[in-house]
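Numbering (this note's numbering), first residue to last: 560 to 868.
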Amino acid sequence: YTDRVDYVAAMFCNQSWAMACERLAAIEVPVRGEYCRVVAAELNRISSHLLSAASMTLDIGAATPFFHAFREREKINDLLEELCGARLTYNYMRIGGVAWDLPPGFVEQTRAFLDDFEPALAEFHDLISGNKIYVERIAGVAPTSAARAVAYNLVGPNLRASGVDFDVRRDIPYSIYPQLKFAVPVGRGEVGTIGDCFDRYIVRMREIEQSVSLVRQCLEQMEPGPVLAKVPRKFRPPVGEVYVRVESARGDMGWYVVSDGSEFPVRCKIRTGSFAAMSMIEELSRGLMLADLVAVIASLDIVAPEVDR
């Protein structure tokens, strides 16, 4: 049921839970299994960020970009449905790797999608990212300084939009991210103020570009091999505790798991990005027009189950 924690980016929830169990039981995931995880996760990141950008433009009053973004998101859902049978609450990760290898033709289909998606992404930028009305609507609205973002424990794109250069994939490496090359976009205040609604939007759009590159690298580097380690049918990790962090679509997601040696955890605490972002809305909204509050909430990309679970 971990895919319900963040139903928009379920791959990351599945992966982090599996990683916690693997660290407790000292299970090593096969290399190809790690590549499959990253392919699935980065496709999910693109899908999640497209939803964020699409819903933000729609909330502010621009309907056309929503359909452009969802057209591409549906193509990703086609790929992920072929991979794991689901279009939303994905369930592909397993303790020890992934449920099964990439299906026949998946690599070619994914490459074909990416070839078509990059021009579509440029089209979306032309349509909305430089749109005078859209930019003036969100530039300079509710800026958050780096110090205040850290004080409120913001993570992910919301933190990086304030100019804080931190990404779990790079700074606390896991999986096969150390073998991959990618940049970490941060807010620059290019049309308004660093850490404003526009920066929170554009950082996610630039992360999409990096995810496209990461998926391409994985498909290029993958070699044949097993995708799932041997795990006992009744999984009972040794007594111990572990804290695992992954860079989810909504940022630094942490799982604290305590085992007493049985098949059920004594404690499982999940740290999510939306919970911290939600706590900041009251301060960010002071002095704003009600219409601007819509933009602020949309720019924080909050998913309800991460707040109340």
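Ideal Cβ positions, reconstructed from N, Cα and C, are used throughout, including at glycine. Small disclaimer: the values here were computed from a predicted structure and weren't measured.
Residue i versus residue j - alpha carbon distance
i	j	result
residue 759	residue 651	29 angstroms
residue 746	residue 589	36 angstroms
residue 835	residue 713	6 angstroms
residue 797	residue 791	13 angstroms
residue 767	residue 597	14 angstroms
residue 734	residue 814	16 angstroms
residue 847	residue 667	48 angstroms
residue 750	residue 727	27 angstroms
residue 777	residue 594	6 angstroms
residue 587	residue 581	7 angstroms
residue 719	residue 561	26 angstroms
residue 819	residue 575	20 angstroms
residue 678	residue 688	14 angstroms
residue 799	residue 621	51 angstroms
residue 844	residue 662	47 angstroms
residue 690	residue 615	14 angstroms
residue 579	residue 816	7 angstroms
residue 617	residue 807	24 angstroms
residue 644	residue 607	18 angstroms
residue 556	residue 648	Residue 556 lies beyond the residue range present for the chain, which begins at 560 and ends at 868; the question has no answer from this structure.
residue 642	residue 665	8 angstroms
residue 715	residue 722	11 angstroms
residue 740	residue 685	27 angstroms
residue 867	residue 861	11 angstroms
residue 765	residue 821	44 angstroms
residue 563	residue 865	9 angstroms
residue 660	residue 774	16 angstroms
residue 837	residue 772	31 angstroms
residue 753	residue 694	14 angstroms
residue 592	residue 851	44 angstroms
residue 833	residue 857	12 angstroms
residue 769	residue 567	19 angstroms
residue 705	residue 676	33 angstroms
Limits of the unbroken beta strand (DSSP E) element including residue i
i	result
residue 837	Where residue 837 is concerned, there is no enclosing beta strand (DSSP E), although the alpha helix (DSSP H) it sits in stretches over 832-843.
residue 812	810-818
Residue environment, residue i, which counts as buried when at least 16 other CB atoms sit within 10 Å
i	result
residue 742	exposed
residue 780	exposed
residue 528	There is no way to answer for residue 528, as the model of the chain reaches only from 560 to 868.
residue 794	exposed
residue 863	exposed
residue 802	exposed
residue 681	exposed
residue 613	buried
residue 783	exposed
residue 842	exposed
residue 610	buried
residue 877	Within the shown structure, residues of the chain are numbered from 560 to 868, placing residue 877 beyond reach of any answer.
residue 804	buried
residue 755	buried
residue 823	exposed
residue 724	exposed
residue 744	buried
residue 619	buried
residue 859	buried
Span of the alpha helix (DSSP H) around residue i
i	result
residue 804	Here residue 804 belongs to no alpha helix (DSSP H); instead the beta strand (DSSP E) covers 799-807.
residue 749	No alpha helix (DSSP H) holds residue 749; DSSP gives it neither H nor E.
residue 768	756-780
residue 864	863-866
residue 858	849-859
query: Three or more beta-carbon pairs under 8 angstroms between the region 618-626 and the region 823-837, yes or no?
result: Verdict: no, contact absent.
- prompt: Which residue spans inside the region 651-693 form an unbroken alpha helix (DSSP H) run of at least 4?
  reply: With a minimum length of 4 residues, the continuous alpha helix (DSSP H) runs that stay inside the region 651-693 are 665-683.
- prompt: Can you list the alpha helix (DSSP H) stretches of 4 or more residues lying completely in the region 561-630, in chain order?
  reply: Taking only runs of at least 4 residues, the alpha helix (DSSP H) segments lying wholly in the region 561-630 are 569-584, 590-619.
- prompt: Are at least three pairs of beta-carbons, each pair with one atom in the region 700-712 and one in the region 570-578, less than 8 angstroms apart?
  reply: Verdict: no, contact absent.
- prompt: If you pair each beta-carbon of the region 781-797 with each one of the region 650-668, do three or more pairs fall below 8 angstroms?
  reply: Because the criterion of three Cβ pairs below 8 angstroms is met, the region 781-797 and the region 650-668 touch.
- request: Count the CB pairs spanning the region 665-678 and the region 630-638 that are closer than 8 angstroms, and state whether there are at least three.
  value: Counting Cβ pairs under 8 angstroms, three or more are found: they touch.
- request: Just list the alpha helix (DSSP H) runs in the region 697-740, keeping only unbroken ones of 4 residues or longer that don't cross its boundaries, in chain order.
  value: Taking only runs of at least 4 residues, the alpha helix (DSSP H) segments lying wholly in the region 697-740 are 705-710, 715-719, 727-730.
field: Three-pair Cβ contact test at 8 angstroms for the region 593-607 versus the region 637-646
entry: Put simply, the region 593-607 touches the region 637-646. At least three CB pairs are less than 8 angstroms apart.
message: I'd like to know if the region 721-735 and the region 805-819 are in contact, where contact means that at least 3 CB-CB pairs between them fall below 8 angstroms.
response: Counting Cβ pairs under 8 angstroms, three or more are found: they touch.
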